[in-house]
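K.L.:
This is the structure, below, for whatever I ask next.
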């Protein structure tokens with residue numbers, strides 16, 4: 628990818644199409660990074676007594692906000708539908724994180740813990756807001 632060159636004579640629609648492809652690649656790379664973050668957590672790569680996973684990612688060169696986003700999404704449960712959209716590159720990691728944070732906010736505001744059906748319904752509603760914008 629580092630050797631990728633753009634045709635200086637491309638048209639506007641061609642540039643738009645190329646940018647859509649770059650966006651898809653970025654979304655897929657972010658999804659894989661999030662998945663690997665979950666694997667690193669599962670495998671105990673970061674010694675939680677001295678180094679947290681977020682700190683380890685930062686030491687690897689990830690920006691603090693990106694590291695936090697990867698950890699937050701990787702450690703969230705019951706979001707298979709959301710992760711399926713992320714896996715095909717149709718939703719960015721920033722939007723995935725916004726949905727995850729939205730679900731966490733709903734969890735904290737509800738007096739009773741959400742059951743799986745309720746959580747899935749809120750997830751569908753949050754995703755529908757995302758996809759309605761396109």
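In the numbering used here, the protein residues as written are 628 to 761. For every residue, glycine included, the Cβ atom is placed at its ideal position computed from N, Cα and C.
1. Rounded to a whole number of angstroms, what is the C-alpha to C-alpha distance between residue 746 and residue 687?
2. Check whether the region 724–734 and the region 684–700 are in contact - that is, three or more C-beta pairs closer than 8 Å.
3. Round the Cβ separation of residue 658 and residue 714 to the nearest angstrom and send it over; I've been treating them as touching at under 8 Å.
4. Taking Cβ to Cβ, would you say residue 741 is nearer than 9 Å to residue 708?
5. Quick one: what's got a C-beta closer than 8 Å to residue 654's C-beta in the same chain, skipping five residues either side?
6. Straight-line CA distance for residue 671 to residue 663?
7. Exposed or buried, which one is residue 703 when buried takes at least 16 other CB atoms within 10 Å?
8. Restricting to Cα atoms, I'd like to know which of 679, 706 and 647 is closest to residue 752.
9. Which same chain residues end up closer than 8 Å to residue 644 when comparing Cβ atoms and leaving out the 5 residues on each side of it in sequence?
10. For residue 648, tell me which candidate among 636, 631, 710 and 660 has the shortest Cα-Cα distance.
P.N.:
A quick look at the data gives this:
1. 34 Å
2. yes
3. 6 Å
4. no
5. 713, 716, 717, 718, 719 and 720
6. 12 Å
7. buried
8. 706
9. none
10. 631
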